[in-house]
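Numbering (our numbering), first residue to last: 1084 to 1342. Here is the structure we will look at.
As C-alpha cells, this is what we get:
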C-alpha cells in the first residue's frame, strides 16, 4: 500500500510507522490521520506482525494539529476531524499488538497525544513535550486532558494543559510520561530492541496484559481485579501457556506461537 504522509516498513516481526510530513513538522491533518488509521489496520491484520513502532523525524515527532486548517474551521468541521483523530488513536491503544513510540524533537499538542496512545514511550535527549492548545484559545481534544492525566496524574496534566507549559525529556522521564531517554542517534536502535523483546513474548498473553491494564484504568479496583482473574484463567487454555511453563521446567527458551 502506498502512503503519502507516512512510511510503512516491515522489519522481521516489527512494523515501523514513520510520520512523513517534514515540511509541515508532521502536523496532523486529515490525510495523515487517515493513513495512520490504515497503517494500524495493516498491523492488526498482519499475523506475522508482533509489535509496532511509531516515530517521526529526528527533529520532530509531530508538532500538533494543522493550525492553518484549524484556524478557519467551524465547530462541525473540528468535531469531525478530532473524532477521526480519536478513532485512529484508539486503534493504537486497543491494538492487540504492542506499540512503541520513539519520540525525537518536538511532540506538541496532537503529537504528544499520539505518543500517549502508545504502550511504551521512549524519547531522545532534548525532546520537548507539551500541550500548548490553551495559548490558542482552545484545549486538547484527542486525549490531552484524559490520557495525560491517567499517565502522569492530574497535577502535572493541569500544569501542562492549563499553563500550556512544555517540558523536556528529562522531566518527562521524572513524571512518567516516558519510561526511557536515549541518545538521539540511538533512539531507533533502542526502540527496535524493545519491540523485538515484545515480539518474542506470547502474543495472546501480551494482548491480555494490555487489555487488563487499559480496562483497569477506567473502572474501580474490584472490577479491574475481576477482569484480571478471568483473563489469567483464559490463558491456561492456550498452547503458549503450556509451552512457557514446560520450557521453564526444562530450563530452555520457550517458542511461542500465538495460540
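All residues carry an ideal CB built from backbone N, CA and C; glycine is no exception.
Candidates the options: closest to residue i by CA position
i            : options                   : result
residue 1295 : 1308, 1286 and 1283       : 1308
residue 1147 : 1342, 1318, 1245 and 1195 : 1195
residue 1270 : 1105, 1238 and 1144       : 1144
residue 1101 : 1185, 1157, 1124 and 1133 : 1185
residue 1254 : 1322, 1263 and 1089       : 1263
residue 1103 : 1110, 1089 and 1113       : 1089
residue 1231 : 1320, 1214 and 1118       : 1214
residue 1327 : 1301, 1216 and 1337       : 1337
residue 1117 : 1204, 1160, 1278 and 1169 : 1169
residue 1091 : 1107, 1188 and 1137       : 1137
residue 1208 : 1125, 1188, 1158 and 1121 : 1188
residue 1139 : 1110, 1123, 1257 and 1221 : 1110
residue 1229 : 1331, 1211 and 1173       : 1173
residue 1055 : 1199, 1158, 1153 and 1154 : Only positions 1084 to 1342 of the chain appear in this structure, which leaves residue 1055 out of reach.
residue 1180 : 1221, 1154, 1318 and 1279 : 1279
residue 1202 : 1216, 1217 and 1177       : 1177
Distance CB(residue i)-CB(residue j) smaller than 8 angstroms
i            : j            : result
residue 1165 : residue 1225 : yes
residue 1098 : residue 1135 : yes
residue 1156 : residue 1119 : no
residue 1212 : residue 1159 : no
residue 1153 : residue 1233 : no
Nearest-angstrom Cα separation, counted from residue j out to residue i
i            : j            : result
residue 1266 : residue 1341 : 34 angstroms
residue 1259 : residue 1272 : 21 angstroms
residue 1314 : residue 1284 : 17 angstroms
residue 1248 : residue 1150 : 18 angstroms
residue 1239 : residue 1084 : 40 angstroms
residue 1219 : residue 1191 : 13 angstroms
residue 1252 : residue 1274 : 16 angstroms
residue 1292 : residue 1276 : 20 angstroms
residue 1282 : residue 1323 : 14 angstroms
residue 1125 : residue 1236 : 33 angstroms
residue 1161 : residue 1329 : 54 angstroms
residue 1223 : residue 1245 : 10 angstroms
residue 1133 : residue 1086 : 22 angstroms
residue 1093 : residue 1290 : 21 angstroms
residue 1121 : residue 1332 : 42 angstroms
residue 1210 : residue 1325 : 43 angstroms
residue 1163 : residue 1123 : 20 angstroms
residue 1221 : residue 1095 : 42 angstroms
residue 1321 : residue 1131 : 18 angstroms
residue 1344 : residue 1297 : The question about residue 1344 has no answer here: the residues shown for the chain are numbered 1084 through 1342.
Minimum Cβ-Cβ distance from residue i to chain B less than 8 angstroms
i            : result
residue 1290 : As a matter of chain content, chain B is missing from the structure shown, which is built from one protein chain.
Proximal residues to residue i (C-beta, below 7 angstroms), its chain only, five neighbours per side dropped
i            : result
residue 1242 : 1248
residue 1193 : 1111, 1145, 1147, 1148, 1168 and 1225
residue 1142 : 1188
Neighbourhood of residue i by C-beta distance below 6 angstroms, restricted to the same chain and skipping five residues each side
i            : result
residue 1311 : 1295
residue 1339 : 1285 and 1323
Same chain, Cβ closer than 8 angstroms to residue i, neighbours up to 5 away in sequence not counted
i            : result
residue 1256 : 1206, 1262, 1263 and 1264
Entirely within the stretch 1155-1218 and at least 3 residues each: give me those beta strand (DSSP E) ranges in chain order.
-> 1182-1186, 1189-1191, 1203-1207 and 1211-1213
Runs of alpha helix (DSSP H) lying entirely within the stretch 1298-1338, each at least 4 residues, in chain order = 1304-1318 and 1322-1332
Mind pulling the beta strand (DSSP E) runs of 3 or more residues that sit fully within the stretch 1122-1148?
-> 1134-1138 and 1143-1146
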